[in-house]
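In what follows, a single structure is set out as structure tokens and then discussed.
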Amino acid sequence: MKALFLGGVAADTARGIRAELPPALEVEIINDPIGRVRLGEVAPQADILVSNHWRADYPPAAKLRLVQSVATGVELFDLAALPKGCAVCNAFGHETAIAEFVVMAMLALHHRFFQIAGEFRAHGSWASSWVQGGTPHGEVRGTTLGIVGYGRVGREVARRAAPFGCRILAANRSPREAAPEVDRIYPLAELDRMLPECDTVAICTALGPETTGLIDAPRLALMKRGAFLINIARGQVIDEDALYAALRDNTIGGAAIDVWWQYPTHDDPTRRGSRHPFHELPNVIVTPHNSGWTQGMVRRRWDEIADNIHRFCRGDNLANLVATV
Amino acid sequence: MKTLFLGDFGARVAPPILAKVTEKLDTTVLGDLGDTQRLIPALAEAEIVVGHIWRKEFPEAPRLKLLQSTAAGLDLIDVPSLPGGVTICNVTGHEPAIAEYVLMTMLALSHRLLDIVTAFRAGSWAGGGAGGGPVHGELLGKTVGIVGYGGIGREVAKRATAFGCTVIAANRSPIADLGAAAEIYPLGEIDRMLPRCDIVVIAAGLGRETRGLIDANRLALMQPTALLINIGRALIVDEEALYTALRDGRIGGAALDVWWRYPSPAEPNARPSRFAFHELPNVLITPHCSSGTDGARDRRLSVVAGNLDRFVRGEPLTNVVMAT
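Heads up: the protein sequence lines correspond to chains B and Z, in order.
Per the working numbering: the first sequence = residues 1 to 325.
Per the working numbering: the second sequence = residues 1 to 324.
This is how it looks when you write it as structure tokens:
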């Protein structure tokens with residue numbers, strides 16, 4: 001049995017889990033582009049592919065029975081170029097890390113943390129101090145959090161937000177049973193009834209036909225004037241121009257943005273995440289798509305991948321099966 | 001009822017408190033504690049004083065019956081110099097706000113939020129997951145040690161356990177109800193607790209047992225990656241020892257909201273320490289504002305207003321700390 005780990009993240013994974021893999025499994029690692037000349041000899045013999053992509057112009061890999069993605073998304077695998085009957089599995093482990101990010105961002109926005117800590121560090125300004133009679137900032141207690149997309153991430157957010165004493169609402173495409181901490185789950189089509197209730201809106205939905213452009217100018221206008229928007233899902237769920245205008249003109253209170261409308265490319269490695277200067281707005285926390293990118297997430301994914309390879313070698317049912325080609 | 005709002009802060013909160021008071025009070029407001037000429041007659045007739053400072057050299061206050069502090073800690077009240085028969089009350093309601101601050105800074109330090117945002121604002125995607133950038137930390141599975149398991153400590157514990165943290169605590173007096181904590185150490189055995197912690201939260205009041213508690217030796221007991229969060233009082237931690245531990249990377253980082261130095265009218269932008277904590281990259285600093293939320297302020301002012309009403313009506317008071 002032979003496993004091919006292809007690409008940088010897969011190569012790291014191979015190094016991380018090698019000792020835990022079945023001793024009989026042969027492991028081939030092809031990381032750098034130069035190594036890819038070997039792809040022609042390795043691919044035809046591989047039973048397992050661990051990677052984040054597979055392209056149509058790669059050499060045929062006729063023996064492949066398991067394609068194990070190192071990420072949750074499998075959109076970079078050209079399924080048509082994989083042999084028939086091959087199982088495609090993905091990996092998770094990021095939900096709890098992203099949920100931590102959402103609650104962190106919610107707290108930082110309500111507490112005006114960046115402004116206060118930034119002023120104190122740069123200028124020694126005590127203006128926000130309680131003992132100096134400074135203007136109070138907000139708190140999460142008693143506010144309403146609306147979670148758009150009540151899936152794996154949304155549930156973890158709700159669980160962590162509940163002990164802060166906030167009311168939790170959610171909107172989801174398909175009907176979901178609410179955990180006790182969630183006050184109410186709206187159908188996604190009734191999102192417009194949820195938005196005006198919320199002091200914080202967290203976008204935790206997948207990108208699809210129903211969610212592309214979901215948060216547009218009219219929906220941003222439904223939000224409270226001081227409300228905060230947090231997006232850890234995909235940039236395209238939100239109308240880029242409308243969000244920039246709302247934040248610039250303070251028609252909403254602020255935002256935390258981890259996912260973007262555009263990404264760096266090989267030719268433009270420092271390309272900004274948007275055509276608008278979100279990074280210049282004081283009420284916006286910007287991060288480079290790394291809300292789930294924690295040590296713990298990497299370890300959990302490695303464990304899931306190692307476990308699935310064991311299952312495959314034993315002939316057991318696979319976990320996280322996305323598709324069978 | 002002769003009521004004196006005393007001190008700069010007392011003067012500032014007088015209007016919002018009085019807006020909540022329903023009983024009739026005969027109110028004097030004196031912001032400047034150094035104005036002896038006005039302080040002598042004001043204290044001579046005051047039955048209630050609202051303020052968080054009482055100094056030894058204050059003139060006589062023979063009619064004083066209630067000292068209602070506007071703070072939780074009584075460390076600025078010189079109790080021995082108060083006349084006999086005075087009930088001292090504090091305020092609460094800040095616990096949830098401070099617990100939010102503690103969780104926020106725990107998360108921000110673990111996720112390296114400030115570094116990542118600062119670099120990304122400047123245009124660097126280096127912290128990004130897509131490019132296989134360096135990973136940051138998280139709270140899941142971490143051990144949080146709370147020094148001082150009172151109202152704030154309990155609120156922190158409740159929230160931290162929802163993140164999958166194990167919470168342990170050290171407290172001066174024995175604790176019957178553990179709340180969300182898994183284990184409580186006597187404060188005298190804190191040295192056994194510190195090495196276990198990924199995050200140490202100082203949530204104790206300042207007193208004989210806690211002044212200078214976290215000294216160089218105890219900082220050395222902490223893990224080299226451990227985080228220290230102080231929302232208690234600065235003097236619980238040795239200033240120089242903490243600075244050198246952070247500067248030399250002997251602990252992982254800190255979030256500090258309480259300080260060794262505070263501003264004065266002469267020096268309104270006084271740096272909060274004689275050491276340059278504000279230049280250390282692994283330290284989040286804020287100007288004593290963890291309790292400064294709109295909600296906490298409202299809850300605290302309501303405690304004061306409620307006690308003034310109760311005192312006038314002769315009803316039992318809340319938040320009684322001691323009587324002289």
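All residues carry an ideal CB built from backbone N, CA and C; glycine is no exception.
Contact annotation for R172/Z against chain B: no contact, minimum CB-CB distance about 25 Å [criterion: below 8 Å].
The CB of I285/B comes closer than 9 Å to the CB of L113 and V117 in chain Z, given here in chain order. Contacts with chain Z at 8 Å (Cβ-Cβ) include F113/B. Contact between the stretch 285-305 of chain Z and the stretch 89-98 of chain Z is established, with three or more Cβ pairs separated by less than 8 Å. Ranked by Cα distance from I98/Z, the first of V201/Z, V135/Z and L140/Z is V201/Z. Per DSSP, S51/B is one residue of the beta strand (DSSP E) stretching across I48 to S51. Rounded to the nearest whole angstrom, the CA to CA distance from H266/B to L256/Z is 41 Å. Counting along the chain, E26/B sits inside no alpha helix (DSSP H); it lies in the beta strand (DSSP E) bounded by residues E26 to I30. DSSP places I48/Z inside the beta strand (DSSP E), whose first and last residues are I48 to V50. In terms of beta-carbon proximity, K20/Z stays away from the interface with chain B, with every pair separated by 8 Å or more. Taking 4 residues as the shortest admissible run, the stretch 200-244 of chain B contains the following complete alpha helix (DSSP H) segments, listed from N- to C-terminal end: 217-222. DSSP places P16/Z within a helical segment (H, G or I) once states are collapsed to three. Chain-ordered, the chain Z residues with CB closer than 9 Å to the CB of G165/B read P96. Under the Cβ criterion of 8 Å, R155/B is not counted among the residues facing chain Z.
The beta carbon of L30/Z sits no closer than 8 Å to any beta carbon of chain B.
Annotation note: the stretch 37-72 of chain Z contains the following uninterrupted beta strand (DSSP E) runs of length 3 or greater, listed N- to C-terminal: 48-50 and 66-68.
Closer than 8 Å to the CB of A255/B there is not a single CB belonging to chain Z. Between the C-alpha atoms of H278/Z and H288/Z there is a straight-line separation of about 14 Å. The CB of K158/Z comes closer than 7 Å to the CB of P163 in chain B, given here in chain order.
Taking the CA atoms as reference points, L242/Z sits about 13 Å from L284/Z.
Under the three-state reduction of DSSP output, M1/Z falls in the coil class, being neither helix nor strand. Sequence-distant Cβ neighbours of N269/Z in its own chain, meaning closer than 8 Å and more than five residues away, are P263. L6/Z and I184/Z have their C-alpha atoms roughly 39 Å apart.
Within chain Z, the residues T286, P287 and C289 have their CB atoms less than 8 Å from the CB of I116/B, given in chain order.
A contact is defined here as three or more CB-CB pairs under 8 Å, and the stretch 179-196 of chain Z fails this definition with respect to the stretch 69-89 of chain Z.
Annotated three-state conformation of N217/Z is helix, per DSSP. Residues of chain Z whose Cβ lies closer than 8 Å to the Cβ of R159/B are, in chain order, A162.
The contact set of Y243/Z on chain B, defined by CB atoms closer than 9 Å, is empty, because the minimum CB distance reaches about 15 Å.
Counting other Cβ atoms within 10 Å of its Cβ, S173/Z stays below 16 and is therefore classed as exposed.
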